[in-house]
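Undergrad: In short: position in the sequence shown from 1, add 262, done, that's this note's numbering. Glycine included, every Cβ here is placed at the ideal spot set by N, Cα and C.
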Amino acid sequence: MRFMMIVKATTDSEAGVIPSQELIDAMQKYNEELVKAGVLLAADGLQPTSSGIRISYPEPGEKPKVMDGPFTESKELIAGYTLIEVKSREEAIEWALRMPDPHGYGQGEIELRQVYEAEDFMDNPETLAKEVTLRKQVAEQKKAW
263 MRFMMIVKAT
273 TDSEAGVIPS
283 QELIDAMQKY
293 NEELVKAGVL
303 LAADGLQPTS
313 SGIRISYPEP
323 GEKPKVMDGP
333 FTESKELIAG
343 YTLIEVKSRE
353 EAIEWALRMP
363 DPHGYGQGEI
373 ELRQVYEAED
383 FMDNPETLAK
393 EVTLRKQVAE
403 QKKAW
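(1) Note down the Cα distance separating S282 from L390, rounded to an integer number of angstroms.
(2) Looking only at C-alpha atoms, which of F333, K398 and I355 sits nearest to A271?
(3) Is the Cβ-Cβ distance between L345 and L374 less than 8 angstroms?
(4) By the three-class DSSP mapping on this structure, what secondary structure does Y292 have?
(5) As a quick exercise: from H365, Q369, P387 and E356, pick the residue whose alpha carbon is nearest that of F265.
(6) Whether or not the stretch 345 to 354 and the stretch 274 to 293 are in contact is what I'm after, with contact meaning three or more pairs of Cβ atoms, one per stretch, closer than 8 angstroms; do they touch?
(7) Mapping DSSP to helix, strand and coil, what is Q309?
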């Protein structure tokens, strides 16, 4: 099962404040532990929404609306994520609890969410087979990089 640890944005992350070296070292150590355990799939910080773009679909069948950042509702924004593959929900919680405070200063908040697998959405064998093929192609492309 895959889980995403979603790091919520703060006023500092939205202002583009770079984490302290101490926090970077702690996060790097944590990521090394994830790698050694064989559970890390991806982990990245995101740039502030001032460099982001939001695309919305206000009316069915109409053209999407494009809006440049920044976006103001900082409690709902994401500053980064870590994607892990583990055996259970409990193991995901254990890993999430080990993550250092992602912003330092006691402002950090992590949301832990399970990722849907293709089988959760698709009961049509043909559609599921197409999805499996696409995922294999992505994996092969990553190897080629």
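TA: Looking at the coordinates:
(1) If you take the alpha carbons of S282 and L390, they lie about 44 angstroms apart.
(2) When F333, K398 and I355 are compared, the shortest CA-CA separation from A271 is found for F333.
(3) Going by C-beta atoms, L345 is not nearer than 8 angstroms to L374.
(4) Reduced to three states, the DSSP call for Y292 is helix.
(5) Comparing alpha carbon positions, the residue from H365, Q369, P387 and E356 closest to F265 is E356.
(6) Output reads no: the stretch 345 to 354 does not touch the stretch 274 to 293.
(7) Coil, per DSSP.
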